[in-house]
Amino acid sequence: MWNVRGLLKPGKFNIVDREATRCGLSICGLTETHWRGNGHFSTDAHAVYFSSSDDSSHNGVAIIIPKHTNNSVMGYEAVSDRIISMKLKALHVNINLIQAYAPTSEALPLVLESFYQDLQATIANIPNRELLIIMGDFNSKIDANSAQYSKCVGNFGLGVRNERGERFMQFADENNMVVANSLFQHHPRRLFTWTSPGGSTKNQIDYILIRSRWRTSILNAHTLPGADCGSDHELKDEVEAQSRSILQKDKTN
Numbered sequence: 151m152w153n154v155r156g157l158l159k160p161g162k163f164n165i166v167d168r169e170a171t172r173c174g175l176s177i178c179g180l181t182e183t184h185w186r187g188n189g190h191f192s193t194d195a196h197a198v199y200f201s202s203s204d205d206s207s208h209n210g211v212a213i214i215i216p217k218h219t220n221n222s223v224m225g226y227e228a229v230s231d232r233i234i235s236m237k238l239k240a241l242h243v244n245i246n247l248i249q250a251y252a253p254t255s256e257a258l259p260l261v262l263e264s265f266y267q268d269l270q271a272t273i274a275n276i277p278n279r280e281l282l283i284i285m286g287d288f289n290s291k292i293d294a295n296s297a298q299y300s301k302c303v304g305n306f307g308l309g310v311r312n313e314r315g316e317r318f319m320q321f322a323d324e325n326n327m328v329v330a331n332s333l334f335q336h337h338p339r340r341l342f343t344w345t346s347p348g349g350s351t352k353n354q355i356d357y358i359l360i361r362s363r364w365r366t367s368i369l370n371a372h373t374l375p376g377a378d379c380g381s382d383h384e385l386k387d388e389v390e391a392q393s394r395s396i397l398q399k400d401k402t403n
C-alpha cells in the first residue's frame, strides 16, 4: 500500500509500476493518485483498477495486481475518490480488497464521518466467511497495548493515539478487524509510514486491516524504505500466506 502523492507527472506511474514489480508485490493499493474518472487498464506487468472524481484531480485510489492474476478478478466497485473495492476468486475463499484514503486532520468532522459511512457501506455486503483486507492511508495514530482495543491492535503500534486514531480503532473494533502492521516487532524505520519534509518527524498513519479470524494468516508486516517514487510515504509490504497461495492461476499461461 502506497500514498504516491500524485501520478500526473509524466513517467511517475511508470516508476510505481516498476517498483511494484521489483518488490514482488502480489497486491499494491495506491492513494492520492490525482487521476480523474474510474476504470481499469493494463501495463506489461500489472492490471490497474482506479476510482477518482470525474471533475477533480484531488484524492484518487487504485489497486494494482499482477497481470497473470487478472483472471481471478470477479468484479470491482469504484465507490468514490477515497474508496475502491475488488473481489478476487480464490481456491478456498474469496478475497475482498478495499483501498481507502481517509480525510486529513484539516477536514471537518462531517467529512470524516461521511468517509467512514461509505467504508461501512462498502463492507456491509461482504459475507463474514470471506477474507477481507482493507488497506489505507487513514491519517491516524493508534499507539499500542490498548486495553480497550486489545482485540484490534498488537504490541507494536507507534505514536500517541489521536482523535482520528480513536475513530479508526472504533471502526476496526466494530467490524472485528485487526491492524496487521501492529502485530510484528521491527526497527522503527520499518514501521514509520510517513516522513515530514526535512525528515524531522516520522509517523505511522498508513494501515492494513484484516478480519480477526484470518489474523494467523499474516506472516509479517513492514515498510519497504528502499522503494521510491518521490512520495513522503513509505511503501508498506504485507506478507499474507493465504492470499499468496490460494489465488487461482491464470490458466492461459
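Its first residue numbered 151, the sequence shown is counted upward by one per residue in my numbering.
Backbone N, C-alpha and C define an ideal beta-carbon position, used for all residues, glycine too.
(request) Quick one: grab the DSSP three-state call for Trp-152. (result) Of the three classes helix, strand and coil, the one that applies to Trp-152 here is strand, per DSSP.
(request) Express the C-alpha separation of Ile-213 and Glu-227 in angstroms, rounding to a whole number. (result) Our two residues, Glu-227 and Ile-213, have alpha carbons roughly 11 Å apart in a direct line.
(message) So if DSSP puts Ala-250 in a beta bridge, which residue, or which two residues, is it bridged to?
(response) Ile-233, Gly-286
(request) Return the CA-CA distance between Ala-240 and Ser-222, expressed in angstroms with no decimal places. (result) 7 Å
(message) Bridge partners for Ser-201 per DSSP, in chain order?
(response) Asn-188, Val-211
(message) If I follow the unbroken beta strand (DSSP E) through Val-261, where does it start and stop?
(response) Run containing Val-261: none in the beta strand (DSSP E); it sits in the alpha helix (DSSP H), 259–273.
(request) With DSSP collapsed to three states, give me the class of Asn-278. (result) Three-state DSSP puts Asn-278 in coil, outside helix and strand.
(message) Can you list, in chain order, the residues of its chain with a C-beta nearer than 6 Å to that of Met-327? Leave out the 5 residues immediately preceding and following it.
(response) Excluding residues within five positions, the ones whose Cβ falls inside 6 Å are Leu-359, Arg-361.
(request) Determine the closest residue to Ile-233 out of Met-224, Leu-247, Pro-259, Asn-220, with distance taken between C-alpha atoms. (result) Leu-247
(message) On the criterion of 16 or more Cβ atoms from any shown chain inside 10 Å, does Ala-271 qualify as buried, or is it exposed?
(response) Label assigned to Ala-271: exposed.
(request) Within the same chain, show all residues whose beta-carbon is closer than 7 Å to that of Tyr-251, passing over the 5 residues directly before and after it, in chain order. (result) Thr-181, Glu-182, Asn-209, Val-211, Arg-232, Gly-286, Asp-287
(message) Assuming Val-329 and Val-310 are in contact, meaning their beta carbons sit under 8 Å apart, how far apart are those beta carbons, in whole angstroms?
(response) Not confirmed; about 16 Å, so no contact.
(message) DSSP has Glu-227 in a bridge; who is on the other side?
(response) Ser-235
(request) Spatial neighbours of Trp-364 within its chain, please: CB distance less than 6 Å, with the 5 preceding and 5 following residues excluded, ordered by chain position. (result) Leu-281
(message) Just to confirm, is the Cβ distance from Ala-197 to Ile-215 under 8 Å?
(response) The answer is yes: Cβ separation under 8 Å.
(request) Can you tell me which of the three DSSP states Gly-179 falls into? (result) strand
(request) Please check the pair Gly-187 and Asp-204, which I expect to be a contact at CB under 8 Å, by giving their CB distance rounded to whole angstroms. (result) Indeed, because the Cβ distance is near 6 Å, the residues count as touching under 8 Å.
(request) Have a look at Asn-278, Arg-317, Arg-155, Ile-368 and flag the residue whose alpha-carbon is nearest the alpha-carbon of Asn-331. (result) Ile-368
(request) Starting from Leu-158, follow its DSSP beta bridges and name the residues at the other end. (result) None; Leu-158 has no bridge partner.
(request) Taking only the alpha-carbon atoms, compute the straight-line gap between Leu-112 and Ser-290 and give it to the nearest angstrom. (result) The structure shown does not extend to residue 112, since the chain is modelled only from 151 to 403, so the question has no answer here.
(message) What would DSSP say about Val-166, mapped onto helix, strand or coil?
(response) helix
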